[in-house]
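Have a look at the structure below before the remarks.
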Amino acid sequence: MKYPTPHINCTPADFAKTVLMPGDPLRAKFIAENFLENPRLVNNVRGIQGYTGRFEGELISVMASGMGMPSIAIYSHELYSAFGVENIVRVGSAGAMQKKIRVRDVVLGAGACTNSRMAENFRLPGTFAPIASFDLLKIAVEEAEKMGLRYHVGNLLSSDTFYNDEEGLDSNQTSLALWSKMGVMAVEMEAAALYMNAARLGKKALAVCTISDHLITGEETTAEERQTSFTDMMLLALRASLRF
């Protein structure tokens with residue numbers, strides 16, 4: 005793939021080998037301005053802000069993915085294919101589906117179940133299990149231990165549906181409850197597509213999410229809190245990235 009791409013107006017020199025990828029462009033801006041030394045805006049096509057700077061002396065990039073699997077699939081594919089990026093760490097929010105997981109806990113996606121049909125794009129003769137890169141996951145767990153964080157490792161659910169058409173039924177108590185019975189930790193909307201692209205392109209990926217709301221207890225955070233207060237997750241991803 006050649007650069008610039010339709011969605012990223014940069015050169016490979018503009019990006020580090022590791023990119024942190026929140027969904028929200030304002031979260032990308034927050035990470036860059038609060039954690040990176042001399043952050044430089046390298047991309048703003050369609051308002052998808054990308055920055056590159058240094059964290060503890062190491063070059064790190066952060067760029068938004070937008071919402072949903074089609075969006076992160078586009079941006080991760082272009083970063084991996086055209087700009088020499090080797091590692092992408094999704095840093096986002098997720099809704100807890102297990103009682104033992106609390107709001108603001110960190111969840112590390114060892115795998116990402118999905119109700120999407122995106123894997124059909126790869127024309128496989130069966131199903132595909134999207135998983136994280138083990139070496140990235142291992143490092144992140146070690147760093148979470150050092151930081152003394154409350155964290156959980158396991159399956160995420162990457163859902164294509166935020167709203168549904170089940171009249172009179174609460175989706176949090178119907179289809180999501182079935183995933184919960186299978187031990188799935190939390191629901192989000194991007195990790196599975198990221199893991200599929202990494203697998204296909206021979207790259208590495210990991211999803212690190214903060215629990216923003218709880219589908220069992222009903223507890224939730226505000227949009228502003230999700231944008232700016234999930235600093236443990238951000239710092240964990242940055243510290244882990246130093247060892248990738």
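The sequence shown begins at 5 in the working numbering and counts up one residue at a time.
Every residue gets a Cβ at the ideal spot worked out from N, C-alpha and C, and that includes glycine.
Remember, predicted model here, so these are calculated numbers, not experimental data.
- Burial is judged here by how many other beta carbons sit within 10 angstroms of a residue's own beta carbon; Arg94 has at least 16 and is buried.
- The C-alpha of Gly99 is placed about 25 Å away from the C-alpha of Phe39.
- Cα atoms of Asp109 and Ile76: separation of roughly 23 Å, rounded to the nearest angstrom.
- Between the C-alpha atoms of Asp164 and Glu41 there is a straight-line separation of about 36 Å.
- The straight-line gap separating the alpha-carbon atoms of Pro29 and Thr118 is approximately 24 Å.
- Note on geometry: alpha-carbon atoms of Gly222 and Glu229 lie some 16 Å from one another.
- With contacts defined by Cβ atoms closer than 8 Å, Leu141 and Leu210 form a contacting pair.
- The Cβ neighbour count for Gly61, taken over all protein chains shown within 10 Å, is under 16; the residue is labelled exposed.
- For the alpha helix (DSSP H) assignment, the uninterrupted runs of no fewer than 4 residues enclosed by the region 66-150 are, from N- to C-terminal side, 73-86.
- Put simply, the backbone Cα of Ser97 is about 22 Å away from that of Asn48.
- Here DSSP, grouped into helix, strand and coil, assigns Ala20 to coil.
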